[in-house]
Every structure is written in C-alpha cells, then in structure tokens.
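Q:
There are 2 protein chains.
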Amino acid sequence: MSEWEKNVRRVIPYVPGEQPADVNVIKLNTNENPYPPAPAVCEAVKKFDTSVLRKYPAPDAKRLVAALSDAFEIPEDQIFVGVGSDDVLAMSVLTFFNGKKPVLMADVTYSFYDVWAELFRIPYESIPLNGDFRYELSDYLRPNGGVVIANPNAPTALVEPKEFFEELLEKNPSSVVIVDEAYGDFYGWSAKGLLDRYENLLVVGTFSKSRSLAGSRIGFAFGSRKLISYLNDVKFSFNSYTMDAITLAVGEAALSPRSREYYHTMTEMIIATRESAKKRLAGLGFTCTDSRANFVFATHSVIPAKEIFEKLKEHKIYVRYFDKPRIDNYLRITIGTDDEMTELYKALEEIGCRQS
Amino acid sequence: MSEWEKNVRRVIPYVPGEQPADVNVIKLNTNENPYPPAPAVCEAVKKFDTSVLRKYPAPDAKRLVAALSDAFEIPEDQIFVGVGSDDVLAMSVLTFFNGKKPVLMADVTYSFYDVWAELFRIPYESIPLNGDFRYELSDYLRPNGGVVIANPNAPTALVEPKEFFEELLEKNPSSVVIVDEAYGDFYGWSAKGLLDRYENLLVVGTFSKSRSLAGSRIGFAFGSRKLISYLNDVKFSFNSYTMDAITLAVGEAALSPRSREYYHTMTEMIIATRESAKKRLAGLGFTCTDSRANFVFATHSVIPAKEIFEKLKEHKIYVRYFDKPRIDNYLRITIGTDDEMTELYKALEEIGCRQS
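Residue numbers (my numbering), protein chains in the order written: chain A, 1271 to 1626; chain B, 1271 to 1626.
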C-alpha cells in the first residue's frame, strides 16, 4: 500500500438496486413510481430558459422551499431541501449525531443508515425488530445519541402508529429523532403533525416515490427552526449550491395545486394495486407483510426468494433481493402498473409459485 | 441549550457571493460566465423526455463520464463527477485527508478549503502566500496529511507553472495533492498532464465557469484509478444518485465537439476582455495581479476597496469584497461582457477612481 493510501477513508458503500440499461425490462426493484411525473413538470422543463444556467442557482432554494411551505403548511424556516432524501439524511446524520452514545436504528431497515454512521465514524446500534418485523418501543428508550426510524419501514413496508412516535419523542428529549417518511404518502399519516411539540424531531420526505421524480433528486426535511438552522449551517459548509436550477423549477412545478391533485390520484392507484397484489401474491403461495408503502415484502412458502429473484430476472422482471440475515428469504417488490403486475403474476406462475 | 443540541456539529459555513433577485444588476461577483451555455444545452433540455424522471438516474453517471473521457482523453475509470466542484472537493477532503498531519493550504485561497477541514475535523495549516500572493514551494515540503492548491488561485487570479507542480508532487509522494482547476480553462495549462506520473494527484474541474453552467451543478475530478475508486466508495456511502437525470443530459450536451468549439470561442472572448480590463483598470488607478482566470483581483491606489464595493452596489454593479486579512483592500471583479465592463469603468469613474 502506498503511503498516501494510509490517509484514505475506507468504507463499504451502500449498493443501490440495479438500473439496467435495457428499457424492455419490468423494473420493480428500486421502488420507483410506475406513472410519469405531473404534466406541469414536463411544461416547466420545456419552457425553462436555459440561458439562466450561466448563473448559480438560488443557494437557499427559496422558491422550492416556499412551494413546500405552501403545500405542507410548514413555515419556510422549518424546511430544508437536498439532493434526494439520501442527501438530506446524510447531512442530518453528519449534523445531529455527534454524541458519544450510539445512534439507535433497526437491524432490518433502510440499509443506508449504518453506512452513513460508518462513513462519519458515529457509534450506532442495530436493534433487532421483533419477530413480526415491528419496532419495540422499549428498545428505543435506552441512552442514545440519536434515533432514526423509517415509517413506513423499508424493506418491511410496515408502519408504526402515531402513539409510538409520541411516546418515543416524549421519552427521548435528549437526542434528535429522525423519522424517514420516504414512503409516507402511501401510508397517509405523517409525524409532521408532532413538530409543534418536539424541537428535536426531524421528518424527512422525498420527491422520488409518490412524486415520481427519482430522476430529479429532490428530498426535504421538516423540523424546528433550530434544527433546520443547524442543518443549513452544515449544508452550507459542504456545498453552497446543491440544487440545480432546472431541478428547482421541476420541484416547484410538482407542488402546484394541480400537480398535487395528480399525484394524489396516482398514489390512490398505486395503493389499490398494492392491495390487490397482496391478495394475488397470497394466492401464489406468498406471505406478505401488511404493506403501507409502494412495495410489498413477500416470502414464498416453498421456493427460496433468491431462486425466484433470479428466475424473474430471466423473465426480464427485476425485483429486489437482500442477501442479509433474517430477510434472505424475502423479496421486495415495487408496485408497478396493473399491466406490469399482471406480467409479474404470470411469470411467478411459470416459475412454479402456487398455493401449497 | 437543550440536551440534544450538545450532539450537534457546529460550524461556520462558507458564505457564497450574493445572488440578487433583481435581474437588472450587473453581476460581477461570483465568477459566472457572461455568455449563455452552448446551444446544444438548450436543445438537450427542450427535447428531454421528462417521463424518464420517474426512474433513478444512472448512479455511475456513465454517459457523462464517457463524454468527459472523450473530451479530455482520460480513461473513464479515472473520472469522478459530482454536484459542482464544491461537491467533488468536499467528497475528496472527506476521502483523502484522514491523516493526523495537517493538510496544507494557502492563507489566501478559495475560502471553502478550511471550511471543509473544520466540518470534517481535519487538522490543517493555512500557510501565508508570499508578498506577491505567490506560493512558495518550500512551504509545501513539510510533513503533511494532504495539499490543496487552486490554480489559478482565487481570489488572487495568479497561477503557478508546471515546474511548481512537478516538484510539489515529486516531493509529496506520501499524501494526496489536490489541484483545483475551476478556472483552469482561462489559464490554458492543466495538471492533468501529470496524472500518468503521480498516483496521488487529483485534478478538479467544473462546468460552472468556462462552460457557463453554474446553474447545473456539475463538477469533475481526474485521478489515478485507485484514487477515483476510493472517492467513488465514499460518494456511494453518501448518496447513490447525486446527479440529476436532466443535469447528466446537460453535461453531455456541453461536451459535444460543437459545444467544445463554442466554449473555446467564449473563453477566448473572456480572456480578451480580461486583458483589456487590466489596462482599463490600471488607467483608473488600480493595481491588478496578472490574472489568468475569468476575474481580476484589483486594489486602488486611493479609494478603499470596501468603499468602491459599496458604491458600485449603488450603481447596481455587484463585485466581490472579502473582509479578510491581507486582502481587505482588494476587489475580485468577474469579467463580464464588453458592455458590462464598459458600464463598470463608467461607474468607477463616477465613484472617483482615477490614476493618481
């Protein structure tokens, strides 16, 4: 090893789901939205005056923040935006989790949380979810340097109710609690209603799922003025201009009243497809968790998940398989269009999935 | 202070130049390009199929990397891309500067370097440039955990020659040397020619200056395969998808042979305006450094820089003033169009700037 390599931060990165170049695949592996973005997004891009690209974008992303404020009824100084919710979460971990006590997270949850902790050398504890993949509140009442919970959780697709978060926050006044609601719109309840009561609560959202803009990289967070101000200080110590000028226009367009109506309809469609998927998959011998997200988490009674994963790939259907303890016999399947799901069921039948 | 605040990373952020909302100002304060992006950029945006935004962008930014590879004749696995060169530099500081010895940087240079060091709690030393604002090579031969040098330097606009970097690299095999060439195209020489000889060299560039795409947030770095691989590991431990799908298309369009020709012409125009600016400003009583960037660094023989800065603002002309030791009687003035510069000279005359 060269001498300079001794100073290198060595990390094991998060591995995102595959993005196959072949467009003729059915892609149910990264929890993308099967429907296109709102028409206003297309219009915003078409009419974007590219001559302004010579100038830096607004460093405070003011118009996007104002649009979020309007859509979510949260004051502007309680809103933070970033390059997808991953950027928002990475900045939050860097900002808020600087104590010596471990940050608490589940063993089965978004697998980027421990990657960020490792990256920034933050002590953390992965606490096993219970046998039903649910959070046990008592596990999160021990001394800690922070808590991060996804709700709905991924890849389990399960949610915890309002009471869980109220008690969690009530008993954790000494550390920041992050609730990652990337899939929140498919559930319907948001912890943002608790913001007025807890200064140490950060609620994170994204445009990648219910707003069908994974390609535009827009994430956001709501929190107390203090929390958002600290977060902005770190963001401005990292990169003054994180949000592309076109992206800002895209985000704004996606929040217009008309766009919100459009997305509401799409979300309802995805929820309906998800509910029918639970039934269809049960009929094919799968057990699914009670998903409140835009994906299902399913295990088959006979055929190993890995085998189904590989055979589906031969059928040009991509789903997500995690070769990890406790979940290595599960598949995470994104809810596609009804047509895509019909193709999925057909392929599963061909693979031999049936009720035993 | 609340208990949770004790775990917060407190930092003093970098303050970028103002982005006034008023479009009727002459903006010479953030080293933006006065000319619009290449026509191909506009076409790429207009014809962009927004329906693909529902999907995540290519996490490896493959097509943009391929276009950079083609334009700069650097193999693809020696190229890293990020959200502007600030993102590239922040990731590089995080990746490469993990030793216990101080990272070496100049006292008068891009003022984000020490902000990143503070953010990531990396020891560093600000070494005074000599009386002519030039680097003294001997200062950079002491034991160190890394070196970061801007060439051309900002805000001084001065450059060091090839021989300086050759000797610097020859004598610093034990740490990573970052050469920040944000303004490199206005100089003409690049340290990338030294990549084959030094595995520990990282050369950083941006689309924000010579490519007139500050609004699109695209930066890049060239380095050895090893260096780029380490950098990618950290990037993928931070955010899988940093580059917006539209931004990737914009970047690719900006690198087509036709676009490169366009940008070459614009760069030549800016250099010509810069050279005439040096003369005109001298005639108005300023002393300028021998700028090789798209800005000049000027001090007036009689009127304090801060006063000129404020009076220019009243004339709706924004330049950059740094209230910092050694440079608090200097202005950093971005090279605008010839018309904008004529307005500047006129305003300076009105303010009372003349040869004494």
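Ideal Cβ placement from N, Cα and C applies to all residues, glycine included.
Going straight from the alpha carbon of L1501 (chain B) to that of D1357 (chain B), what length do you get?
A: A straight-line Cα-Cα distance of about 12 Å links L1501 (chain B) and D1357 (chain B).
Q: Does the stretch 1545–1558 of chain B touch the stretch 1358–1370 of chain B, meaning 3 or more C-beta pairs lie closer than 8 Å?
A: no
Q: Hey, would you say the C-beta of V1385 (chain B) is under 8 Å away from at least one heavy atom of the ligand NAD?
A: No copy of the ligand NAD appears in this structure; indeed no ligand is present at all.
Q: When you compare each of B:H1570, B:F1579, B:Y1600 and B:F1477 to C1623 (chain B) by their alpha carbons, which one comes out closest?
A: B:H1570
Q: For A1568 (chain B) versus A1308 (chain B), is the C-beta distance shorter than 9 Å?
A: no
Q: Skipping 5 residues on each side, what residues in its chain have a beta carbon closer than 7 Å to that of E1437 (chain A)?
A: L1407
Q: What three-state label does DSSP hand C1312 (chain B) in the structure shown?
A: Three-state result, C1312 (chain B): helix.
Q: Taking 9 Å as the threshold (C-beta atoms), are A1427 (chain B) and T1300 (chain B) in contact?
A: Their beta carbons are not under 9 Å apart, which means T1300 (chain B) does not touch A1427 (chain B) by this criterion.
Q: When DSSP labels each residue in this structure, what does V1452 (chain A) get in the three-state scheme?
A: What sits at residue 1452 (chain A) in the sequence shown is Ala, not Val. Of the three classes helix, strand and coil, the one that applies to A1452 (chain A) here is coil, per DSSP.
Q: Excluding the five sequence neighbours on either side, which residues of its own chain have a C-beta within less than 8 Å of the C-beta of Y1588 (chain A), listed in chain order?
A: G1287, E1288, P1290, V1295, I1296, K1297, L1298, N1299 and L1582
Q: What's the call for V1418 (chain B), buried or exposed, on a 16-neighbour Cβ count within 10 Å?
A: buried
Q: State yes or no: is the beta carbon of L1411 (chain B) nearer than 9 Å to at least one beta carbon in chain A?
A: no
Q: Pick helix, strand or coil for L1359 (chain A), following the three-state DSSP scheme.
A: helix
Q: Thinking C-alpha only, which one of A:T1535, A:K1505, A:I1597 and A:F1490 is nearest I1349 (chain A)?
A: A:F1490
Q: Looking at the secondary structure, which residues open and close the alpha helix (DSSP H) in which R1596 (chain A) lies?
A: Here R1596 (chain A) belongs to no alpha helix (DSSP H), and DSSP marks it neither H nor E.
Q: Do you know how far the Cα of E1619 (chain A) is from the Cα of E1231 (chain A)?
A: The displayed coordinates of chain A run from 1271 to 1626. Any statement about residue 1231 (chain A) would go beyond what the structure contains.
Q: Per DSSP, which residues does R1590 (chain A) bridge with? Please list them.
A: A:R1602
Q: Of the residues that make up the stretch 1356–1372 of chain B, which ones have a beta carbon closer than 8 Å to any beta carbon in chain A?
A: For the stretch 1356–1372 of chain B, which is checked against every Cβ of chain A, the residues closer than 8 Å are D1356, D1357, A1360, L1364, T1365, F1366, F1367, N1368 and G1369.
Q: How close, in whole Å, do the beta carbons of S1355 (chain B) and A1376 (chain B) come, if the pair is a contact with beta carbons under 8 Å?
A: That pair is no contact at about 17 Å.
Q: Name, in chain order, the residues that DSSP records as bridge partners for K1297 (chain B).
A: B:Y1588
Q: Name, in chain order, the residues that DSSP records as bridge partners for H1213 (chain A).
A: Residue coverage of chain A in this structure runs from 1271 to 1626, which leaves residue 1213 (chain A) outside it and unanswerable.
Q: Going by C-alpha to C-alpha distance, which of A:F1506, A:K1586 and A:A1547 sits closest to D1384 (chain B)?
A: It is A:F1506.
Q: Identify whether V1504 (chain B) lies in helix, strand or coil by the three-state DSSP scheme.
A: helix
Q: Mind checking whether S1499 (chain A) and P1329 (chain A) have CB atoms under 9 Å apart?
A: no
Q: When Cβ atoms are compared, which residues of the stretch 1477–1494 of chain B fall closer than 8 Å to chain A?
A: S1478, S1482, L1483, A1484, G1485, S1486 and R1487
Q: In whole angstroms, what separates the C-alpha of G1415 (chain A) from that of R1528 (chain A)?
A: 42 Å
Q: So if I threshold CB-CB distances at 8 Å, which residues from the stretch 1404–1428 of chain B count as touching chain A?
A: Those would be G1415 and G1416, in chain order.
Q: Measure how close the beta-carbons of L1364 (chain A) and F1382 (chain A) come, nearest whole angstrom, since I'm counting them as under 8 Å.
A: So it is not a contact: roughly 13 Å between Cβ atoms.
Q: Which whole-angstrom value is the C-beta distance of I1603 (chain A) and V1566 (chain A), which I expect to be below 8 Å?
A: 5 Å
Q: Quick check on the burial criterion: 16 or more other C-beta atoms within 10 angstroms. Buried or exposed for N1277 (chain A)?
A: That one is buried.
Q: Comparing the C-beta of L1338 (chain A) with each C-beta of chain B, is any distance below 9 Å?
A: no
Q: On the CB-based measure, 16 or more other CB atoms within 10 Å of its CB, does V1293 (chain A) come out buried or exposed?
A: exposed
Q: Are the beta-carbon atoms belonging to E1540 (chain B) and I1605 (chain B) less than 9 Å from one another?
A: One point to set straight first is that residue 1540 (chain B) is Ile, not Glu, in the sequence displayed. Their beta carbons are under 9 Å apart, which means I1540 (chain B) touches I1605 (chain B) by this criterion.
Q: Near K1432 (chain A), what residues of its chain come up, given a Cβ to Cβ distance below 7 Å and the 5 sequence neighbours on each side ignored?
A: W1459
Q: Which residues mark the beginning and the end of the beta strand (DSSP E) in which A1420 (chain B) is found?
A: Element bounds for A1420 (chain B): G1416 to A1420.
Q: Beta-carbon within less than 7 Å of Y1394 (chain B)'s beta-carbon, same chain only, minus the 5 sequence neighbours each way: which residues are those?
A: P1372, V1373, M1375, D1384 and A1387
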